[in-house]
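Protein sequences, first through last, are from chains A and B. Per our numbering, residue 10 is the first one in the first sequence, and the count goes up by one each step. Per our numbering, residue -17 is the first one in the second sequence, and the count goes up by one each step.
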Amino acid sequence: MSYIGKSIKRVEDKRFITGKGKYTDDIKLPYMTYGCFVRSPYAHAKINSVDISDAENSSGIVKIFTGEDIAESGINGVPCGWQVNFKNGDIMKEPPHPLLVKDKVLHMGDAVAFVIAESYSQAKDAAEMVRVDYEMLPAVTNPQEAVKKGAPQVHPDAPNNTCFDWELGDSKAEVEAALKGAHHVTTLDIENQRVVPNAIEPRSAIGDYNEAHEKYTLHTTSQNPHLTRLLLSAFVLGIPEHKVHVIAPDVGGGFGSKIFHYTEEAMVVWGSKQIGRPIKWTAERSESFLTDAHGRDHKTHLAMGFDKDGKVLALKSETFANLGAYLSTFAPAVPTYLHGTLMQGLYTTPKINVDVTGVFTHTNSVDAYRGAGRPEATYQLERIMDLAALEMDMDPAELRRINFIPAFDGVEQEGYATRVALQYDSGNYEPVLDRALEMVGYDDFRKKQEAAKDSGKLLGIGFSTYVEACGIAPSAVVGALGARAGLFESSQVRVQPTGKVSVYSGSHSHGQGHETTFAQIVADRLGIPLEDVEIVHGDSEAVAFGMGTYGSRSLAVGGSSIVKSLEKVIDKGAKIAAHKLESRVEDLDFAEGKWTVKGTDKSISFGDVSLTAYVPHDYPADLEPGLDFSSFYDPTNFTYPFGCHVAIVEVDKETGHVRLKRFIAVDDVGNVINPMIVDGQIHGGLAQGIGQALFEGTVYDSSGTLLNASFMDYSIPRADDLPNFEIDRTVTPCPHNPLGVKGAGEAGCIGSTPAVVNAVIDALWKGGHKVKDIPMPLISERVWKAMQNGH
Amino acid sequence: MIPSNLTYKRASSIDDALALLKEYGDDARLLAGGHSLIPALKLRLNEYDYLIDISKIPELKSISEEQGHIVIGAGVTHGEIVNSSLLKDKLSFFPEAADLIGDVQVRNMGTIGGSVVHADPAADWPALLLAAEAVITIKGESGSRDVSAEDFFLGLFQTAVEDGEMLTSIKIPISANTKSKYQKFMQPASRFAIVGCAALLTIENGTCSKARIAYAGVSAKPFRDKKVEAALEGKAFNADQIASAASLAAEGVSIMSDHFASEAYRLQMTKVFTKRTLEAIL
């Protein structure tokens, strides 16, 4: 039977919903110890002394390491995996990120000491007894403030706290000239606020050094175990890669925050060798808030020029991107190549200039968070589009339509070359807009909105039409863009003698359902039952190599790699089948799990061929035994999903409270393997994108203290905050990968945020308050204030 | 999220709990539903050597009607209040308010007594107790004493319960022709009150003869607003009177401020929610 396009229930859910999942913190090794970090309560402070004398005498203490021990050991800090150069060609500033800090803490949560004890509570008790004498220093948390003269400095070798400055697209002079000649120019200063990823499973790591084998094992909550192994062995600890085994077992969500190699991972591995016992560290929720790499944090000035018909003539975007105190693994890529390259959107804008300054501040690191750069780009484009429509008194849907890039399939018509370095693979943008308008009942809504004007609740509608870059790969392209790693994916398809199939994938599932989707592809291609396929991932010794899961790349890149391996299996199987059937390969058909001699009833099953491959008594003379193939797939391009999201909100005039009434999402993610899983990915992404618009956001005080580092004060959306999502899809296949898939993990998060904010602005504008912007999250007071001040 | 070492004791009766309190003194804390205490212990904001669990004491678990009063045991959960037909009938804003606390799991564990003695300024119950003119029964070694809600709440996390004492029940007078409502403007993360307005009115022939209006979340201490009450009492109960009474709400009160609601906004929302609560009664 065909498995493609079927909503098969997820095979991994049996263990998850029965409590049989195995997460890092579930693992208990013999003689294991427990670690607890002593973390700075201050954003910026000089360390005068660290006194561990009381803590060392606390019960159950095994060992305490301080920044001094790390400095003496000569261990490198954790490196950055992406290089961006200054406009003048200088390499970005890349200050060290030590495992423990010795002289100065640079953000709240910076690690000062690591306490190891027989039990976690003993480690925790002793950590409270470590006395650190801090001398508080002034801190800066806002990137626009940090670049100013006289601002507190984060690193002495990064003047003006600038990590890099960077530009993409047409020259600023050309864009400014085009803006000058425009019939109408809309300007907008907006912030894409900092958010906390909040995976349900906190980060956890177990380091286990085996002296007899001289081998290091790291169990870790990672989306990317092979990269962690590479960085840990070659860059941080200087230990041989083949002596490092990284296992990322079941992982409870990541949203990007578990892509990166963290100091805690290196600490438990190195520490384990020092004490000769395994060490487990698991973050507390408060620690997750302080140390999981945060997302977004861009402050942007925008100007978009239009001709008298509403055609976009030029776009200028200037961003200050907050990178935090230390560079996380992919931090420089997010505000540059994952953001600047998306500023074309799905519009024909002929002149675009994007300018980004990457800035150090006394805050936790910022790195990729669901969407990573693309939500920031989409937020700018879609906010300014809606605002321009309001200012020019045009319909926001029609303004978009007249600016859409015409349809191109990437086969008959070429891909679309943007002004900002990309070549879109395929796109057909009007149908998603049309379908969304149809689902909304647009004309009817505008009548309801008019009627509601004099009631206590204003109604508003907001649009967002987006295109994003997924299937993060071609190694050559990302290499040219600054990646210090390749971005291919590997797979191995190992057919067992009985015809059962184990697939080893370099992608890593931490909620995405790979064990089901990938198995559907395998079962479909080989014509075998789904139950005969097992997907193995997350173990550096089981899987040859992997680049991990992020950037909605697993199906487009990892899935395509599996297809490549399957083709090799089928090709070799055909040779064995031909031998057994005394036929020629060209005369065989492969379908429904068997090879048949065309036009006859002579056939041999996949299982029989598999057995023959491993029991090669009657076998082609020139063929090796076995049926086991691996592949490294490196695509020729990114994939470019797109869609149209529409939000309808109700705004309480007296309180400013926003209620999301409806949310319509029409996405095109290319071909779909499992519609239920894709729907789930879209739903989750929408919840996060809407969460950013209405609920989420860090709050720092002037000393750099994160004020809302708990769920009591940091708001994430709950089920009753959200309406039933109304979703649909169009299908424009990706022309360059064998599955025709584009990726669906981030679309919901990329498209939804501006739609919600636009809806609130629309409600206010139609209610007589001509407000250009309300900073996210749109908590009630901010909306209320906008209504008090707006005209 | 691991508390410091402690010893867990379960009390079988009120007297047993008081005896344990006497034995361990300041080193002990009573544990009921644990929805404020356990997080504080896990965050190590508080440390106690002993927890005395009072959640299984039968004497603390009943809701009854006695001589013109409703008596609610300190160990009654929010969930039990939501489902109490007696309260729905006689004191409807109690079940309404209980239903706005946390989620089902929280309501099934958290108790009214625990919330009242914790005296979180944003908790709902203190406002209801003030509006209902509740009397709070506190028991200690030397016996029981009754304290009016007005005298019970002393400030931020401070109440009239003294060392060695425990809150045992809450007594609310019931009178004819009353109507009550509680409305809450929620902080989106914790869902505690930014503003909670509790109103209990006696309305006879369209006239408001008695008004009790109290607030949670607005100030460091829950309070009754007697100016709003006076503006309603003895007057026809209609939209105009509501609007003018509500406009007086929380004037002259010291108002809290946080990143969800500044002082000015909280003041304005106090007026809006006073109006809405009263309109819901109208």
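Backbone N, C-alpha and C fix where the C-beta goes; we use that ideal spot for every residue, glycine too. Fair warning: this is a prediction, and the values are worked out from it, not measured in the lab.
Inter-residue CB distance, A:G752 and A:G480 (contact presumed, cutoff 8 angstroms) = Their Cβ separation, rounded to whole angstroms, is 5 angstroms, which keeps A:G752 and A:G480 in contact under 8 angstroms.
Looking at C-alpha atoms only, which residue of B:I54, B:I34, B:G50 and B:S239 is the closest neighbour of B:E41?
-> Relative to B:E41, the option among B:I54, B:I34, B:G50 and B:S239 whose CA is nearest is B:I54.
Would you list the residues sitting across from A:S640 in a DSSP beta bridge?
-> Answer is A:S500, bridged to A:S640.
Can you name the residues of chain A whose CB is closer than 7 angstroms to the CB of B:Y247?
-> Residues of chain A whose Cβ lies closer than 7 angstroms to the Cβ of B:Y247 are, in chain order, E790 and W793.
Could you name the residues that DSSP lists as bridge partners for A:R140?
-> Its beta-bridge partners are A:D60.
With which residues is A:T328 paired in a DSSP beta bridge?
-> Paired residue(s): A:T309 and A:V365.
Identify, in the order they occur along the chain, each residue of the same chain with its Cβ nearer than 7 angstroms to the Cβ of A:G349, setting aside the five sequence neighbours on each side.
-> Contacts found: L177, V363, V365 and V429.
Starting from B:H241, find everything on chain A with Cβ-Cβ shorter than 8 angstroms and list it in chain order.
-> Here the neighbours are V708, L716, N717 and D722.
Straight-line gap, A:G7 to A:Y51 (C-alpha atoms, nearest Å) = As displayed, chain A neither begins before 10 nor continues past 800, which places residue 7 of chain A out of reach and without an answer.
If you draw a straight line from the C-alpha of A:Q162 to the C-alpha of A:N170, how long is it?
-> Cα to Cα, the separation comes out at about 6 angstroms.
Alpha carbon to alpha carbon, what distance is there between A:T526 and A:R593?
-> Taking the Cα positions, A:R593 is about 34 angstroms away from A:T526.
Taking Cβ-Cβ distances below 7 angstroms as the criterion, which residues of the region 154 to 178 of chain B are in contact with chain A?
-> Against chain A - using a Cβ distance shorter than 7 angstroms - the residues of the region 154 to 178 of chain B are F167, P170, A171 and S172.
Contact list for A:T664 against chain B, beta-carbon separation under 8 angstroms = Correct list: F167, M251 and V254.
Report the three-state DSSP secondary structure of A:V184 (helix, strand or coil).
-> A:V184: helix per DSSP, three-state reduction.
By Cβ distance below 8 angstroms, which residues in the same chain neighbour B:E261 in space, the five residues on each side in sequence not counted?
-> Excluding residues up to 5 positions away in sequence, A221 and I224 lie with their Cβ nearer than 8 angstroms to the Cβ of B:E261 in the same chain.
Is there at least one Cβ from chain B nearer than 8 angstroms to A:R305's Cβ?
-> Interface with chain B (8 angstroms Cβ-Cβ cutoff): A:R305 is excluded.
Sort B:F219, B:K166 and B:A232 by Cα distance to B:F174 and report the nearest one.
-> Nearest neighbour of B:F174 by Cα position, chosen from B:F219, B:K166 and B:A232, turns out to be B:K166.
Okay, do the region 444 to 452 of chain A and the region 414 to 428 of chain A touch, 3+ Cβ pairs below 8 angstroms being the bar?
-> With a cut-off of 8 angstroms, the region 414 to 428 of chain A and the region 444 to 452 of chain A do not count as touching, because too few Cβ pairs lie within range.
If you measure from the beta carbon of B:I237 to each beta carbon in chain A, is any gap under 8 angstroms?
-> Interface annotation, B:I237: not in contact with chain A, CB-CB separation never under 8 angstroms.
Segments of 4+ residues assigned as alpha helix (DSSP H) that fall wholly inside the region 363 to 408 of chain A = Positions of the alpha helix (DSSP H) runs, each at least 4 residues long and wholly inside the region 363 to 408 of chain A, are given as 383 to 400 in order along the chain.
Given A:A728, which residues of its chain have a CB within under 6 angstroms of its CB, disregarding the five upstream and five downstream residues?
-> Contacts found: none.
The region 550 to 558 of chain A in contact with the region 509 to 525 of chain A per 3-pair CB rule at 8 angstroms = The way I'd put it, the region 550 to 558 of chain A does touch the region 509 to 525 of chain A; three or more beta-carbon pairs between them come closer than 8 angstroms.
In whole angstroms, what separates the C-alpha of B:E5 from that of A:V260?
-> Looking at the two C-alpha atoms, the distance is approximately 47 angstroms.
So with Cβ pairs under 8 angstroms, would you call B:I20 a contact of chain A?
-> B:I20 does not count as touching chain A.
Cα-Cα separation, A:Q232 to A:E273 | Separation of A:Q232 and A:E273 (C-alpha to C-alpha, rounded to the nearest whole angstrom) is 15 angstroms.
Relative to chain A, which residues along the region -17 to 3 of chain B have a C-beta separation below 9 angstroms, given in chain order?
-> Those would be M(-17), I(-16), P(-15), S(-14) and N(-13), in chain order.
8 angstroms Cβ cutoff met for A:G314 and A:A302 | No.
The region 103 to 130 of chain A: positions lying closer than 7 angstroms to chain B by Cβ | Those residues of the region 103 to 130 of chain A that come within reach of chain B (Cβ to Cβ, closer than 7 angstroms) are Y129 and S130.
Status (buried if at least 16 other CB within 10 Å, exposed otherwise) for A:R668 = Counting Cβ neighbours within 10 Å, A:R668 comes out exposed, since fewer than 16 surround it.
Cutoff 8 angstroms: B:S244 Cβ touching any chain A Cβ | Closer than 8 angstroms to some Cβ of chain A, the Cβ of B:S244 qualifies, so yes.
Alpha carbon to alpha carbon, what distance is there between A:V552 and A:V545?
-> When rounded, the separation of the alpha-carbon atoms in A:V545 and A:V552 is 8 angstroms.
Would you call the region 147 to 157 of chain B and the region 105 to 124 of chain B in contact, with 3 or more CB pairs under 8 angstroms?
-> Yes, since at least three Cβ pairs between the region 147 to 157 of chain B and the region 105 to 124 of chain B fall closer than 8 angstroms, the two stretches touch.
Contact check, A:A160 vs A:V114, beta carbons under 8 angstroms = 8 angstroms or more divides the Cβ of A:A160 from the Cβ of A:V114.
Determine contact between the region 351 to 361 of chain A and the region 134 to 147 of chain A, defined as no fewer than three beta-carbon pairs at a distance below 8 angstroms.
-> No, because fewer than three Cβ pairs between the region 351 to 361 of chain A and the region 134 to 147 of chain A fall closer than 8 angstroms, the two stretches do not touch.
For B:P155, does the three-state DSSP call read helix, strand or coil?
-> DSSP places B:P155 in the strand class (E or B) of the three-state scheme.
May I ask you to list, following chain order, the residues of the region 460 to 474 of chain A that have a beta carbon less than 8 angstroms from some beta carbon of chain B?
-> Here the close residues number zero.
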